[in-house]
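Input: a single structure, listed below in structure tokens.
Number of protein chains: 2
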Amino acid sequence: MELYDAMSTARAIRRYRPDPVPDDVLRRCLEAATWAPSGGNRQAWRFVVLRSPEVRAVLGPAYRKGWAEMSGGYGIEGDIDPSDDSPVARMGRTMQRFVDAFEDVPVYVLFCLKGRGRTHLSEGASIYPALQNFILAARAEGLGTVVTSWFLIAEDELRQVIGIPDDWLLAALLPIGYPVGRHGPVRRRPVEEVTYRDRWDTPFP
Amino acid sequence: MELYDAMSTARAIRRYRPDPVPDDVLRRCLEAATWAPSGGNRQAWRFVVLRSPEVRAVLGPAYRKGWAEMSGGYGIEGDIDPSDDSPVARMGRTMQRFVDAFEDVPVYVLFCLKGRGRTHLSEGASIYPALQNFILAARAEGLGTVVTSWFLIAEDELRQVIGIPDDWLLAALLPIGYPVGRHGPVRRRPVEEVTYRDRWDTPFP
């Protein structure tokens, strides 16, 4: 797949068909992840492919709790009127369906980074480029995914059920599957709104 | 350019030809950066294209100090024997040349993220995917770059000369130019060394 086509259509996908994701397809995405840069090329990362019932039983409740706690911040209060067709209501229904079926996601990949405690922002430069490579490869392979972090709500349980050592950090979890519906263009602010030249407020170009 | 070809050949490039980098080429890389995901699709990022003599005068000394402080950790002690052809000596010469000529890099892009103080690792998921999209686009455009963070050594001066508000974080600086020499394959550990299944030590696949 052409690079710019992959990047511009790698939208967040939260509905997956039940079809399993073959290991050889996942492996191509994981190899793409390993091609990313990291500080001093240390590659202090580990990717854990998750499908076990024990892991699913930890993730489902955590993600439902995550959405219950965050939905207010997205403008959702209580039950959504089924006749409400506003963007907020549609997003709310998508999120509710996503977390309600979280145990049924075909496969998840957990991205881990060696380190402990609170980190400097710049340490993220050693794991999130790998995450983005995976996302783009998944797009090229016809898979859908979305970056999530609500596993942090059940971090201790997740560490226990997977057996993650204390000197590793949990960076992100990607739920992955073949999408219901289609990939589509990302929606973003224009370059000119977020790019400046030499000084904080001098327009580019 | 094909996605996997771009990813697998986006090596760190530290030597640039003096040719200027046109704004329209940079703009395509910046647009690719905006296509990345971010938490809640908030896109709380800002990219500052840097070429001013004032900024160069801050960056050069910071990067030379960065290398002087870090070279010991890479196994370099004092001057490198010109006849030493070991990988460490060659890397040391590349790094020394890189920081010695840091003011002469054709253009730099600083990646900023809204936020302040110490952050959770997961906040990096809202800026480093954009960094990686930029890097891949730069590769496709024939440009070379490398992720750097030694600007943090002169963070206060850099904030002042650019005019960066206190509620924005500095995530990474990319020096950018057309490479001396060629792009080449990245060198990474094999997937099997860094991927596991369900449990921390259970091999994948």
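Chains S and X, in that order, are what the protein sequence lines are. In terms of the numbering used here, the first sequence opens at residue 302 and continues consecutively. In terms of the numbering used here, the second sequence opens at residue 302 and continues consecutively. Note that CB positions come from ideal geometry on N, CA and C, so glycine has one too. Just so we're clear, the structure is a prediction, and the values are computed from it rather than from any experiment.
Any non-hydrogen atom of the ligand GTP closer than 8 Å to residue i Cβ
| i | result |
| --- | --- |
| Asp405 (chain X) | With respect to small molecules bound, the structure shown includes none, and the ligand GTP cannot be examined in it. |
Cut-off 6 Å between Cβ atoms - residues of its own chain near residue i, not counting five sequence neighbours on either side
| i | result |
| --- | --- |
| Val408 (chain S) | Val322, Arg352, Ile477 |
| Val410 (chain S) | Phe348, Val350, Leu475 |
| Arg498 (chain S) | Phe505 |
| Ala295 (chain X) | Coverage of chain X is limited to positions 302 through 506, which leaves residue 295 (chain X) absent and any answer about it impossible. |
| Arg343 (chain X) | none |
| Gly361 (chain S) | Phe403, Glu404 |
| Lys366 (chain S) | Ile454 |
| Asp320 (chain S) | Tyr479 |
| Met392 (chain S) | none |
| Asp385 (chain S) | none |
Top-ranked residue by Cα proximity to residue i, from the options
| i | options | result |
| --- | --- | --- |
| Arg329 (chain S) | X:Val350, X:Asp306, X:Glu332 | X:Asp306 |
| His484 (chain X) | X:Pro383, X:Arg343, X:Thr446 | X:Thr446 |
| Arg318 (chain X) | X:Val462, X:Ala402, X:Gly416 | X:Ala402 |
| Arg357 (chain S) | S:Gly482, S:Val400, S:Val389, S:Thr503 | S:Val400 |
| Asp468 (chain S) | S:Ser309, S:Arg365, S:Thr310, S:Arg417 | S:Arg417 |
| Arg488 (chain S) | X:Thr310, X:Asp325, X:Met302, X:Ser339 | X:Ser339 |
| Arg316 (chain S) | S:Thr496, S:Leu422, S:Tyr479 | S:Tyr479 |
| Gly482 (chain X) | X:Met308, X:Arg312, X:Met302 | X:Arg312 |
| Thr496 (chain S) | X:Leu422, X:Asp325, X:Thr503, X:Thr496 | X:Asp325 |
| Phe435 (chain S) | S:Thr310, S:Leu327, S:Ile314, S:Gly341 | S:Leu327 |
| Gln461 (chain S) | X:Trp501, X:Ile314, X:Gln461, X:Gly443 | X:Trp501 |
| Ile314 (chain X) | X:Thr503, X:Leu444, X:Pro383 | X:Leu444 |
| Gly341 (chain X) | S:Thr310, S:Gly374, S:Pro383 | S:Gly374 |
Under the three-state DSSP convention, the category residue i falls into
| i | result |
| --- | --- |
| Tyr479 (chain S) | coil |
| Ala438 (chain X) | helix |
| Pro321 (chain X) | coil |
| Gly443 (chain X) | coil |
| Pro338 (chain X) | coil |
| Thr420 (chain S) | coil |
| Thr496 (chain S) | strand |
| Trp451 (chain S) | helix |
| Ala431 (chain X) | helix |
| Val359 (chain S) | helix |
| Gly374 (chain S) | helix |
| Gly425 (chain X) | helix |
| Gly485 (chain S) | strand |
| Pro504 (chain S) | strand |
| Ala313 (chain X) | coil |
Check whether residue i and residue j have beta carbons under 9 Å apart
| i | j | result |
| --- | --- | --- |
| Leu414 (chain S) | Glu424 (chain S) | yes |
| Leu304 (chain X) | Ala337 (chain S) | no |
| Glu494 (chain S) | Val359 (chain S) | no |
| Pro491 (chain S) | Thr335 (chain X) | yes |
| Ile463 (chain S) | Ala363 (chain S) | no |
| Val406 (chain X) | Ala426 (chain S) | no |
| Arg430 (chain X) | Tyr429 (chain S) | Here residue 430 (chain X) is Pro; the residue named in the question, Arg, does not match the sequence. Taking 9 Å as the Cβ cut-off, Pro430 (chain X) and Tyr429 (chain S) qualify as a contacting pair. |
| Met302 (chain S) | Ala333 (chain X) | no |
| Glu378 (chain X) | Ser387 (chain X) | no |
| Leu422 (chain S) | Leu437 (chain X) | no |
Proximal residues to residue i (C-beta, below 8 Å), its chain only, five neighbours per side dropped
| i | result |
| --- | --- |
| Thr420 (chain S) | Leu470 |
| Arg394 (chain X) | Ile381 |
| Trp368 (chain S) | Met396, Gln397, Phe399, Val400, Trp451 |
| Ala345 (chain X) | Ser339, Leu414, Lys415, Gly416, Ser427 |
| Thr310 (chain S) | Arg440, His484, Gly485, Pro486, Val487 |
Chain-order list of residues whose beta-carbon lies under 7 Å from that of residue i (same chain, five-residue window excluded)
| i | result |
| --- | --- |
| Gly376 (chain S) | Val389 |
| Glu456 (chain S) | Leu471 |
| Thr503 (chain X) | Tyr497 |
Residue range of the beta strand (DSSP E) that includes residue i
| i | result |
| --- | --- |
| Val349 (chain X) | 346-351 |
| Phe399 (chain S) | Run containing Phe399 (chain S): none in the beta strand (DSSP E); it sits in the alpha helix (DSSP H), 388-401. |
| Val410 (chain S) | 408-415 |
Residue range of the alpha helix (DSSP H) that includes residue i
| i | result |
| --- | --- |
| Tyr305 (chain X) | 304-309 |
| Ile463 (chain X) | 456-463 |
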